[in-house]
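Inspection log for the structure reproduced underneath, given as structure tokens.
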Amino acid sequence: MEEINLKELLDYFKDRILIIAIIVLGILVVGCFYSIFIKVPLYQSSSQVVLVSSGENGGYNTSDVSIIKSLIGTYSSIVKSDSVVDTVISNLSLDYSTNYLKGNITVSNPTDTSIIKISVTDKDSKVAAMITDEVVKVFSEEVTRIYQLQNVSVIDKAKENENPSNINVMKDIVIYLVVGLVLSLGIIFVIFYFDTTIKSTEDVENKLGLPVFGVVPRANRNKTKSKK
Numbered sequence: 667m668e669e670i671n672l673k674e675l676l677d678y679f680k681d682r683i684l685i686i687a688i689i690v691l692g693i694l695v696v697g698c699f700y701s702i703f704i705k706v707p708l709y710q711s712s713s714q715v716v717l718v719s720s721g722e723n724g725g726y727n728t729s730d731v732s733i734i735k736s737l738i739g740t741y742s743s744i745v746k747s748d749s750v751v752d753t754v755i756s757n758l759s760l761d762y763s764t765n766y767l768k769g770n771i772t773v774s775n776p777t778d779t780s781i782i783k784i785s786v787t788d789k790d791s792k793v794a795a796m797i798t799d800e801v802v803k804v805f806s807e808e809v810t811r812i813y814q815l816q817n818v819s820v821i822d823k824a825k826e827n828e829n830p831s832n833i834n835v836m837k838d839i840v841i842y843l844v845v846g847l848v849l850s851l852g853i854i855f856v857i858f859y860f861d862t863t864i865k866s867t868e869d870v871e872n873k874l875g876l877p878v879f880g881v882v883p884r885a886n887r888n889k890t891k892s893k894k
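Residue numbers for the sequence shown follow the working numbering, beginning at 667 and rising by one.
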């Protein structure tokens, strides 16, 4: 692999700063146009439920806590089960397939808690909130049916979110700038790496290993013509 002269590379970048700026600006303009005018906005609504003790005294003991934490993974899977998703689609008369709705449901569990966060993403903010609440409702009923327990309690009901979850103009601008800069520098570097032209006396000495005894200055054609 040919050794790269860093000073020469930096000078190469400096001489082509305009090309770099044009590429970065082009990607920024195209990216922002896509984010603002083409990208379909998606809205996310969330609801939180907590697994509680099902004991008669309503209190907790060490055994209850251990059992509840062990059920977190199982309950999270139930949320996105075919049984729950299909019932939600039927109850709300949604024109969605089971797999499509599953893909729009996100289930998470904050570390060391018995809380399950259920989120739904949709093109319509009202529909997203409506589906979220219905998922929580059907999920609670499914847990009761399977385990004969009523240990799911809602902490926060879903709210309509007016801000798209997949569009953040300022964040997108930063991403497009970084992508444009990396891409432009990469293109210039590739051109530099495969550029074998001789640009200076140093290039002759370094690449050909020959000493330079003299340099023929570049003639100014305009001056030559005026003398004639």
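Using N, Cα and C, we set each Cβ at its ideal position, and we do this for glycine too. Note that this is a predicted model, so its numbers are computed, not measured.
Taking all protein chains shown into account, F860 has fewer than 16 neighbouring C-beta atoms within 10 Å of its C-beta and is therefore exposed. Contact between V715 and I857 is ruled out by a C-beta separation of about 57 Å, above the 8 Å threshold. For V690, the enclosing alpha helix (DSSP H) starts and ends at 683 to 699. Burial state of I854 is buried, judged by a 10 Å Cβ sphere holding 16 or more other Cβ atoms. Rounded to whole angstroms, the Cβ separation of L708 and T787 is 5 Å, and the two are in contact under 8 Å. Bridge pairing for Y813: absent [DSSP].
Contact fails between the segment 834 to 850 and the segment 761 to 776, because fewer than three Cβ pairs, one in each stretch, are under 8 Å apart.
For V773, the secondary structure class from DSSP, reduced to helix, strand or coil, is strand.
By the Cβ test, the segment 752 to 769 is in contact with the segment 795 to 811, since at least three Cβ pairs between them sit closer than 8 Å. The segment 823 to 831 makes no contact with the segment 678 to 696, as fewer than three CB pairs between them are under 8 Å. In the structure shown, T787 adopts extended strand secondary structure according to DSSP, grouped into three states.
With fewer than 16 neighbouring CB atoms inside 10 Å of its own CB, S756 falls in the exposed class. Note on the segment 832 to 857: there is no whole alpha helix (DSSP H) run with a minimum of 4 residues. The three-state reading of DSSP puts S763 in coil, since its state is none of H, G, I, E or B. Cβ contact annotation for Y842 (same chain, cutoff 6 Å, sequence separation greater than five): I693, L694, G697, in chain order.
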